[in-house]
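Chains as they are written, first to last, in the working numbering: chain A, 1 to 402; chain B, 1001 to 1402. Worksheet: the structure to be examined is printed underneath.
There are 2 protein chains.
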Amino acid sequence: MNEEAFRFAIDATAGAARAGVFTTPHGAVPTPAFMAVGTLATVKTLDPRELREAGATMILANTYHLHLRPGEDIVRRMGGLHRFMAWDGPLLTDSGGFQVFSLETLRQVSEDGVEFRSHVDGSRRAFTPERVIAIQRALGADVIMPLDHVIPGQADPATARDASERTVRWLERCLTAWERGPGSGDPMDASAVPGPRSPVPGPPPAPQTLFPILQGGIHAGLRRTAAEAIVGMADWVGYAIGGLSVGEDKPDMYAMLDVCDEALPRARPRYLMGVGFPEDLIEGARRGVDLFDCVAPTRMGRTGTAFTSEGRLNVRNASLRDDPRPLDERCDCSTCRRFSRAYLRHLFASGEVLGLRLLSLHNVHFLVSLMGDARHAIVRGTFDAWSRDWLTRYHSGTVSVP
Amino acid sequence: MNEEAFRFAIDATAGAARAGVFTTPHGAVPTPAFMAVGTLATVKTLDPRELREAGATMILANTYHLHLRPGEDIVRRMGGLHRFMAWDGPLLTDSGGFQVFSLETLRQVSEDGVEFRSHVDGSRRAFTPERVIAIQRALGADVIMPLDHVIPGQADPATARDASERTVRWLERCLTAWERGPGSGDPMDASAVPGPRSPVPGPPPAPQTLFPILQGGIHAGLRRTAAEAIVGMADWVGYAIGGLSVGEDKPDMYAMLDVCDEALPRARPRYLMGVGFPEDLIEGARRGVDLFDCVAPTRMGRTGTAFTSEGRLNVRNASLRDDPRPLDERCDCSTCRRFSRAYLRHLFASGEVLGLRLLSLHNVHFLVSLMGDARHAIVRGTFDAWSRDWLTRYHSGTVSVP
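Now the structure itself:
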């Protein structure tokens, strides 16, 4: 599907790891790549120009949050998500499944979909497979995701099977809705709602593609069965791996990635949802994952924790009050090129917004660069040695932690 | 004083208004100019690179706040304020007089100085004329200010006379301390305190200059007497006008500016402290003021109010939810070039930090550009017509206000 607008080329491999290029209507993404998360159509505290400078190629936004605020119809009428948030690069929207299944006020899962209460105003809402496709069509990201049934990491096999199988059935409905095209009679389809059109001129909507989500918890059999069903359903542009990094042990996650690597077509990009931390990115890339996303770099940045090549650093630490060094002497981000730890500590001690920005920017740059370095090592054939050295230094723990 | 490092040239005049260039060791400032306020060594929410792009040439920081956090000794050891906050342009520190006299916990003014309690930790502190010079020498801004006795705008003549005369006497002590140089025995002189030096290499400290502050409330006689004393004291590089925009009526402020214009040397730059709003900047420039500062653009930006050429706009207004226009169609700032009112409203409705940034940036750019346009009009000989047209449009009130 969408073979003209979307392509994936593999330049080099190192075991299961691959150096690829994922091409979308809004540009190319060298892989493996880390995608920063712009939940509400903004990567928290950062300007899209800064993301570009930090090396970000593809970012994502959240269907659940944008559906509640400002609503997909506003985004569509403002020219779509790219234009709305002034990001002209590749963009992905997740389906909102993860958020809905995380809600404490979640009411009911049925075969039809999920009913829930908005965390913003308590209003009753419903997501169905058809609905999340319609919402994401209105938002207009390059890559969109189907509604999936997300469960905790240590769920028992019966629960995991039920959720995984429902995710596959919902995927079939998503695919049908998606292939039917916009405005085809779904009363919930926002793109079919008549209303005043934006006076902003713009190009026609760019093609989108739908990545299926592979669930199955930490159960190899469920993962294999689901992969078989999904792969048999269509020739997908790419595949997402969901339901990992949700509380299970690391070895269990890595084992599932090995299973997915074997079960999914190697010629297509794989996206590991909601992962993660530097060590997870390296271990994921080693197991054939091409795309990652996580809120960690911006969330940690806002609480004063920086990734560094020697571990995490808490800039609130009093020992930094007169430390003239940058966060990470190996880093060439615009924060590290200009500002001392002493200054960053001062900003956090004083509650200044610039501190949140500078740390978030550094952390995003850190993960984006990490995947750039991994790609370079795969191409040069040095991935094993590079990743071993990198992880050893990262775990050397010479910097202060909270 | 400092005739080599600091210069002021007047390119054109229009009545009392002047188009000048104020040269400092860190670069030239075309005047009239608006200076953004970076209280705690950061113009709130903004990156110094953004300030540059917005056209800012000179900014200021606050002695009171930086003395409390992180302390002038830290700033000095980190290479001085320019390096600390990564702003390599002209920089001014105010004396902290305004902040100290605004404190509710202010204890006592004596001839020696002011005792007060820190708003951060309640600790007892004292500012003397000598102390604020030592602090500002450690901070290292291009232009520094003497301790002044600030009073409310409607103060009676006796109170105003007392404060104005004390400000002159304190100025003499500031001048003596300043001419004596650093480390000359003042036990409170931070630059004389031994301690570990920063390993960061850097150039030797650049020359600084001290602007006197003219007080006198809204009493022309007091202003003239103080001006005479100050002008007789030294051949100052520039002059600051304090104690205005502190609650008095606008006609009173404008009348005082006329008095100051006559009483102060026309060959030197005049800095009107803490002013202000667009109409005040235009009326100040008309009366021979060259430099302005105010927290308004960033404070308003953080609460969701934007300056526009047709008045103020509250971006929280519900009518903006699907407004595809920029904040101000006449504006070419990086916010207006990229983002719609609908997006900015969404950011504020969602509590996103990027909204604070984008509005603060627009507002700073707005005032900086306003003074750039005023300069252009003075040079072209069209200042009167330009200012009349500008104010008429600004007060046309076609945009929504809170």
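Glycine is no exception: its CB is placed at the ideal position from the N, C-alpha and C atoms.
Ile1059 (chain B): member of the beta strand (DSSP E) spanning 1059–1062, first to last residue.
Chain order gives the chain B residues near Leu40 (chain A) as Ser1350, Glu1352, where near means a beta carbon separation below 7 Å. Lys1044 (chain B) counts as buried, since no fewer than 16 other beta carbons sit within 10 angstroms of its beta carbon. Runs of the alpha helix (DSSP H) spanning 4 or more residues and lying entirely within the region 1085–1165 of chain B occur at 1097–1102, 1129–1139, in chain order.
Sorting A:Ile241, A:Ile135, A:Ile378 by C-alpha distance to the C-alpha of Asp293 (chain A) places A:Ile241 at the top. Counting every other CB atom within 10 Å of its CB across the protein chains shown gives Gln1099 (chain B) a total of 16 or more, marking it as buried.
The distance from the Cβ of Val1150 (chain B) to that of Leu356 (chain A) is about 33 Å, inconsistent with a contact at the 8 Å cut-off. The beta carbon of Val120 (chain A) lies closer than 8 Å to those of Leu68, Arg69 in the same chain, with the five residues before and after it left out.
For Ile1213 (chain B), the three-state secondary structure derived from DSSP is strand. Within the same chain, Cβ atoms closer than 6 Å to the Cβ of Arg286 (chain A) are found at Ala17, the five residues on either side in sequence being excluded.
Short of 6 Å from the beta carbon of Phe1366 (chain B), and not among the five residues preceding or following it, lie these beta carbons of its own chain, in chain order: Phe1307. Residues of chain A with a Cβ closer than 7 Å to the Cβ of Lys1250 (chain B) do not exist, since the nearest Cβ in that chain sits about 32 Å away.
Look at the region 1206–1275 of chain B and you find these whole runs of beta strand (DSSP E), each 3 residues long or longer: 1239–1241, 1270–1272. Ala1220 (chain B) and Asp1261 (chain B) have their C-alpha atoms roughly 12 Å apart. Check the Cα spacing between Gly216 (chain A) and each of A:Thr392, A:Val259, A:Ile59, A:Ala267: the tightest is with A:Val259. Rounded to whole angstroms, the gap between the alpha carbons of Ala1012 (chain B) and Gly71 (chain A) is 53 Å. Pairing Leu40 (chain A) with Ser1350 (chain B) gives a Cβ-Cβ distance under 8 Å. Residues of the region 1325–1348 of chain B whose Cβ lies closer than 7 Å to any Cβ of chain A, in chain order: Arg1338, Phe1339, Ser1340, Ala1342, Tyr1343, His1346, Leu1347.
As computed with DSSP, Thr1031 (chain B) is found in a beta bridge with B:Gly1020. Under the Cβ distance rule, Pro1205 (chain B) does not count among the residues neighbouring chain A, no pair being separated by less than 8 Å. Around Leu1313 (chain B), no beta-carbon contact reaches into chain A at under 8 Å, the shortest distance being about 17 Å. Here Glu130 (chain A) is near Arg173 (chain A), since their CB atoms are less than 8 Å apart. Contact between Thr1093 (chain B) and Ile1144 (chain B) holds: their C-beta atoms lie close to 6 Å from each other, under 8 Å.
The bridge partners DSSP lists for Cys1174 (chain B) come to none.
Cys1336 (chain B) places its beta carbon less than 8 Å from that of His1362 (chain B). For Asn317 (chain A), DSSP assigns no beta-bridge partner whatsoever. Contact of Pro1278 (chain B) with chain A by beta-carbon distance below 9 Å is absent, the smallest such distance being about 24 Å. According to the DSSP assignment, Arg7 (chain A) belongs to the beta strand (DSSP E) that extends over 7–14. Straight across, the Cα-Cα distance linking Gly122 (chain A) with Pro1032 (chain B) is about 52 Å. Less than 8 Å divides the Cβ of Leu344 (chain A) from the Cβ of Leu359 (chain A). Here the alpha carbon of Tyr1394 (chain B) sits roughly 5 Å from the alpha carbon of Ser1309 (chain B). For a Cβ distance threshold of 8 Å, residue set Arg1321, Asp1322, Ala1342, His1346 of chain B lies close to Ile74 (chain A), ordered along the chain. Among the bridge pairs identified by DSSP, Thr308 (chain A) is matched with A:Gly311. In the assembly as shown, Pro1048 (chain B) is a buried residue. Its beta-carbon has 16 or more other beta-carbons within 10 Å. Under the Cβ criterion of 8 Å, Thr298 (chain A) is not counted among the residues facing chain B.
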